[in-house]
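S.K.:
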Amino acid sequence: MSPFIHSVLALLILGAALPADAAIKVLATTADWGALATELGGDRVNVYIATSALQDVHRVDAKPSLVARARTADLLIATGADLEIGWLPILVQESGNRRIQPGSPGYFEAASQVKLLEAPTRLDRSLGDIHPQGNPHIQLDPHNIAAVAKALTARLIALDPAQGQYYAQRGKDFDARWEQAIQRWESKAAALKQVPVVVMHRDQIYLCQWLGLKELAAIEPKPGVPPSAGHLSQLVNALSTSPPRMILLNAYNDPKAARWLSERIQAPVVILPFSVGGSPEAKDLFGLLDDTLNKLLAVPK
Amino acid sequence: MRSFMPVAALAALTSAILPSPGNAADEIATLRAEFETLKIEYADRVTALEARIEELESASAGKADSGSPPRNLVDGQNSPSDPQIAGAQEAPPSTSRSTASAFNPAISLILGGTFVNTSEDPRSWRLSGFTPSDGEVGPGERSFNLDESELAVSANVDPYFTGTMIAALSAEDEIEVEEAYVRTLALPSGFTAKAGRFFSGLGYLNEVHRHAWDFIDQPFAYQVFFGGQYTQNGVQVKWLAPTDLFIELGAESGNGETFPATRRNATNGGTFFVHFGGDLGDSTSWRAGASYMDVRAADRAYEDSNQFGSLVVDSFTGKSRTWAVDAVLKWSPYGDLARRQLKVQGEYMHRREDGQLAFDVEALNLSDAYRSEQSGWYLQTVFQFLPRWRVGLRYDALDSGSPNVGLVSSGQLPPDAFPLLRSSNPERISLMFDWNPSEFSRLRAQYDWDDARAEGDRDRIFRLQYIFGIGAHGAHKY
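Now the structure itself:
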């Protein structure tokens, strides 16, 4: 090989590898994965979050600012399970960044680290906006976060092996604090077992399952399909005899239908942060679940 | 319990295989000793297996053991970062797929149709002052029309390339390859290359597929300068700057098969573009760009009538250069598209053509210098005022300029030998209203006040359209 080709190859390889002292640039699709990356990576990661808790992550524009961030990212953290299918493929495609192509070490999917609920047995769009692999809104079950954290720690170590000890230590610390918090939350939330609730979209299912909340109905007749007047009055009929204790809503949801229902069945609407940043208290993952539980427990019996 | 089962089975097996023991006591003692050895050996093995099972179970619950990273790093095969392993641990889909079809590409199909009513005869529609671009122009025929059915097939080829084909099946039973290209996945430093047939990256709307347009048809400027959309048959290289501000540079070259170029016995010209983009706060995003296209046309023929009103074929040979600027601004509260969104976009295009214009190439075949400077622009806004409802307004304008036709200025032919080139300023106002029951369906109404023709009354056009998408979930560009 000629010296020229040698040096070109060396440059390409160097260009592709991570500079030893640079922080890992992380592009997280949601604030939850951004917060988790910050917990695990500390000051070794530089996190940019693509969406806010006030956005429906199903529907996001592949806007130029996000393409630019995808271009320089070393690690893309997505929820996966097709949650971001309407925009993330475009970001990855337009970024021209081979490090974050699906299947590369720089592409991480949170949903593939946990067991997804509600994997549909029938795939048909007449059933609404369903996800073939299962329900992707996994972040409100802290056991899922723990599983994702373990895998993400391993991924950070693989991307930046020189700092392996640092990530391993942070991962351990987080795991310990998180396990402790789970125990605190679970003892606190024992009173919520079998409490009947109505949800908006079926994205609180992991929360309901974790806490043992009894989901009586969803305001959306099918995932992603806004409720019609007919569906709402059916709900009123069905729920007036055995009303739920509360109606759960996410920060990004349009509250109109829930408020309408709330007035008729005498159950309060509880607006949950749903994602980090969805309420002033939900500053990080701990705050997210603290605030969620506080809001649920604040509802009188 | 588990550890006793194999031992019991072993005992049964031993007694079945071994011949019945003789009366020698030492033989029995030997057998007993052997049996004891086996028992211990198996107990050990079973314990080891149990430990292994436990390990596997915990590994699949939390994919990696964060406590022992060095082992994972050294042991490359078991590295948790290995995407093969990550893939293997995804929750299995409930629908099992046969191996033969597991690698089938993503397929989607767009079904569309229109109903058209016009106050003027659509057969007389033309953009006065401009040479016809023989593309998809005009309001379409009256009554019900089946639009192109757009079939898109795409998949990754290997770790380095991805392939896409989009075919348009027309109501005239023709199949047209709209796009068929391969694109790179793994070039370093922000480069992407494309080869094949694809919509050129110039302007803003050129790359947007029909089903994603905000109005039923393209703006006049696209219709007259590119016959709707400029298709490149060649290669494209794009580079994205590693900056927080979106800066994209692109260059293309091709065979010039489509208007305003013509196919010739060589590579034909090039297209260059630059795009910038970013955010203004949480709710607003923008993109702006500039493009330049430099191509040649050779014997680009079109029909016109001569000064006596009979049809003749004229043709242009020369350089055709177009530059364009575009800008898009989108606003939605906190970027939440689900409820409200406002989109404002505009483009300006300018084309200069320099060369020879031949008159009546089939009979007289007179030819002399020709030079034209023409421009066009549009400005449109679409507002999603409720989750499923949108309304849009568009203004279109063209300026044909006064072409310098050598055959006329030299006095060889009278000006009305080229009625199509008579100076004109077509314009149009379009009002759009659509309802989107889901991401995959759209029903639309559009009303146009259309002054494309220089003579006659203003055309009032009313159209209805449906667009439905089935199959793979598409992702749309900004």
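Chains A and B, in that order, give the protein sequences.
Note that my numbering has the first sequence beginning at 1062, numbered continuously upward.
Note that my numbering has the second sequence beginning at 7, numbered continuously upward.
The beta carbon of each residue, even a glycine, is placed where N, CA and C say it ideally should be.
1. Work out the CA separation of A/S1301 and A/A1237 for me, nearest whole Å.
2. Does the beta carbon of B/Y484 sit closer than 9 Å to a beta carbon anywhere in chain A?
3. Quick check: B/M299 and B/G324, are their CB atoms within less than 9 Å of each other?
4. Please look up how many angstroms separate the CB atoms of A/R1306 and A/P1284, rounded, as I've assumed it's under 8 Å.
5. In the DSSP assignment, find the alpha helix (DSSP H) that holds B/G260 and state where it starts and stops.
6. Given that B/R345 touches chain A, what residues does it touch there, using C-beta distances under 7 Å?
7. Starting from B/R357, follow its DSSP beta bridges and name the residues at the other end.
8. I need the straight-line Cα distance from B/G398 to A/N1355, nearest angstrom please.
9. On the DSSP bridge assignment, give the partners of B/D454 in chain order.
10. Starting from the beta carbon of B/T264, find every residue of chain A whose beta carbon is closer than 7 Å, and list them in chain order.
11. Relative to the alpha-carbon of B/A192, which residue among B/V214, B/L157, B/W245 and B/V230 has its alpha-carbon at the smallest distance?
12. Could you name the residues of the region 223-257 of chain B whose beta carbon sits closer than 9 Å to any beta carbon of chain A, in the order they occur along the chain?
13. Considering only C-alpha positions, which residue in the set A/T1090, A/W1148 and A/K1249 is nearest to A/D1122?
14. For A/Q1200, verify whether its CB is less than 8 Å away from any heavy atom of the ligand NAP.
15. Exposed or buried, what is B/N371 when buried is set at 16 or more other beta-carbons lying within 10 Å of its beta-carbon?
16. Give, in chain order, every unbroken run of the alpha helix (DSSP H) that is at least 4 residues long and sits entirely within the region 1230-1275 of chain A.
17. Which chain B residues are close to A/G1147, counting only those with a beta carbon under 9 Å from its beta carbon?
18. For my contact list, A/L1101 and A/A1172 are in at a C-beta cut-off of 8 Å; report their separation, rounded to the angstrom.
19. Give me the Cα-Cα distance between B/Y166 and B/G260, rounded to the nearest whole angstrom.
20. List the DSSP bridge partners of B/Q386.
21. Hey, does B/L191 have any beta-carbon neighbour from chain A nearer than 9 Å?
22. Where do the ends of the alpha helix (DSSP H) carrying A/H1292 lie?
23. Give the residues of chain B in contact with A/T1133, contact being defined as C-beta atoms less than 7 Å apart.
24. Three Cβ pairs or more, each shorter than 8 Å: is that satisfied between the region 382-391 of chain B and the region 349-364 of chain B?
25. So, is B/N123 buried or exposed, given that buried needs 16 or more other C-beta atoms within 10 angstroms?
26. For the region 1320-1354 of chain A, enumerate the residues whose C-beta is nearer than 7 Å to any C-beta of chain B, in chain order.
27. Name the chain A residues that come within less than 9 Å of B/G284, Cβ to Cβ?
28. For chain A, find out if any of its Cβ atoms is closer than 9 Å to the Cβ of B/P111; answer yes or no.
29. To the nearest angstrom, report how far apart A/V1331 and A/R1160 are at their CA atoms.
30. Quick check on the DSSP output: the alpha helix (DSSP H) that includes B/F226 runs from which residue to which?
31. How far does the alpha helix (DSSP H) with B/K200 in it reach, from first residue to last?
32. Would A/P1181 pass as a contact of A/H1192 if the rule is Cβ separation under 9 Å?
33. Return the chain-ordered list of same chain residues with a C-beta closer than 7 Å to the C-beta of B/D153, the five sequence neighbours on each side being excluded.
34. Compare the beta carbon distance of A/N1107 and A/A1131 with 9 Å and say whether it is the shorter of the two.
35. Can you list the residues of chain A that B/Y340 reaches, using a CB-CB cut of under 8 Å?
36. On the CB-based measure, 16 or more other CB atoms within 10 Å of its CB, does B/L404 come out buried or exposed?
M.R.: So, from the data block:
1. Looking up residue 1237 of chain A in the first sequence gives position 176. Looking up residue 1301 of chain A in the first sequence gives position 240. Cα to Cα, A/A1237 sits roughly 44 Å from A/S1301.
2. Mapped onto the second sequence, residue 484 of chain B falls at position 478. Yes, its Cβ sits closer than 9 Å to a Cβ of chain A.
3. Here residue 299 of chain B refers to the residue found at position 293 of the second sequence. Here residue 324 of chain B refers to the residue found at position 318 of the second sequence. It is not a contact, given that the beta carbons lie outside the stated cut-off.
4. As a first step, residue 1306 of chain A must be located in the first sequence, where it is residue number 245. As a first step, residue 1284 of chain A must be located in the first sequence, where it is residue number 223. The C-beta distance from A/R1306 to A/P1284 rounds to 24 Å, too long to fall under 8 Å, and the pair is not in contact.
5. Stepping through the second sequence from its first residue, residue 260 of chain B is reached at position 254. Under the DSSP assignment, B/G260 falls outside any alpha helix (DSSP H), being part of the beta strand (DSSP E) whose first and last residues are F252 to G260.
6. In the second sequence, counting from the first residue as 1, residue 345 of chain B sits at position 339. What B/R345 touches in chain A: D1315.
7. Along the second sequence, one-based indexing puts residue 357 of chain B at 351. B/R357 pairs with B/T328 and B/Q380.
8. Residue numbering aside, residue 398 of chain B sits at position 392 when the second sequence is read from its first letter. Residue numbering aside, residue 1355 of chain A sits at position 294 when the first sequence is read from its first letter. Going from the Cα of B/G398 to the Cα of A/N1355 covers about 44 Å.
9. On the second sequence, residue 454 of chain B is found 448 positions in, with the first residue counted as 1. DSSP output for B/D454 lists B/S436 and B/I467 as bridge partner(s).
10. For this step, residue 264 of chain B is matched to residue 258 along the second sequence. Correct list: empty, because the minimum Cβ distance to chain A is about 24 Å.
11. On the second sequence, residue 192 of chain B is found 186 positions in, with the first residue counted as 1. Closest by alpha carbon: B/W245.
12. Listed by position, the residues of the region 223-257 of chain B near chain A (Cβ gap below 9 Å) are K244, W245, L246, A247, P248, T249, D250, L251, F252, I253 and E254.
13. For this step, residue 1122 of chain A is matched to residue 61 along the first sequence. The option with the nearest alpha carbon to A/D1122 is A/W1148.
14. Although the ligand NAP was asked about, the structure shown includes no ligands whatsoever.
15. Indexing the second sequence from 1 puts residue 371 of chain B at position 365. Under this definition B/N371 is an exposed residue.
16. Secondary structure remark: continuous alpha helix (DSSP H) runs of at least 4 residues inside the region 1230-1275 of chain A, in chain order: 1266-1272.
17. Taking the first sequence and counting its residues from 1, one reaches residue 1147 of chain A at position 86. Correct list: E445, H479, G480, A481 and H482.
18. The residue you call residue 1101 of chain A lines up with position 40 of the first sequence. The residue you call residue 1172 of chain A lines up with position 111 of the first sequence. Between the beta-carbon of A/L1101 and that of A/A1172 there is about 18 Å, and that puts the pair past the 8 Å contact cut.
19. On the second sequence, residue 166 of chain B is found 160 positions in, with the first residue counted as 1. On the second sequence, residue 260 of chain B is found 254 positions in, with the first residue counted as 1. Whole-angstrom Cα-Cα distance: 23 Å.
20. Working through the second sequence from its first residue, we reach residue 386 of chain B at position 380. Paired residues: B/Q351 and B/R400.
21. If you number the second sequence from 1, residue 191 of chain B lands on position 185. With 9 Å as the cut-off, B/L191 counts as an interface residue toward chain A.
22. For this step, residue 1292 of chain A is matched to residue 231 along the first sequence. Start and end: A1290 to T1302.
23. One-based indexing of the first sequence puts residue 1133 of chain A at position 72. The answer, in chain order, is P248.
24. yes
25. For this step, residue 123 of chain B is matched to residue 117 along the second sequence. Exposed is the call here.
26. none
27. By 1-based counting over the second sequence, the position of residue 284 of chain B is 278. Within chain A, the residues near B/G284 are K1124, P1125, S1126 and A1129.
28. Indexing the second sequence from 1 puts residue 111 of chain B at position 105. For B/P111, the answer is no, since every Cβ of chain A falls outside 9 Å of its Cβ.
29. On the first sequence, position 270 is the one that residue 1331 of chain A refers to. On the first sequence, position 99 is the one that residue 1160 of chain A refers to. Their Cα atoms are separated by approximately 41 Å.
30. Working through the second sequence from its first residue, we reach residue 226 of chain B at position 220. It spans F226 to F232 - the alpha helix (DSSP H) in which B/F226 sits, taken as one unbroken run.
31. As a working note, residue 200 of chain B is residue 194 in the second sequence. From DSSP, B/K200 is part of no alpha helix (DSSP H) but of the beta strand (DSSP E) over F197 to F205.
32. Working through the first sequence from its first residue, we reach residue 1181 of chain A at position 120. Working through the first sequence from its first residue, we reach residue 1192 of chain A at position 131. Result yes, Cβ atoms of A/P1181 and A/H1192 sit closer than 9 Å.
33. Taking the first residue of the second sequence as position 1, residue 153 of chain B is located at position 147. For B/D153, where only same-chain residues beyond five positions count, the Cβ hits under 7 Å are G118, G119 and T120.
34. Locating residue 1107 of chain A in the first sequence gives position 46, where the first residue counts as 1. Locating residue 1131 of chain A in the first sequence gives position 70, where the first residue counts as 1. No, Cβ-Cβ distance for A/N1107 and A/A1131 is not below 9 Å.
35. Numbered from 1 along the second sequence, position 334 holds the residue referred to as residue 340 of chain B. Ordered by position in chain A, the residues that pass the 8 Å Cβ test against B/Y340 are S1113, L1115 and Q1116.
36. As a position in the second sequence, residue 404 of chain B is number 398, starting the count at 1. Result: buried.
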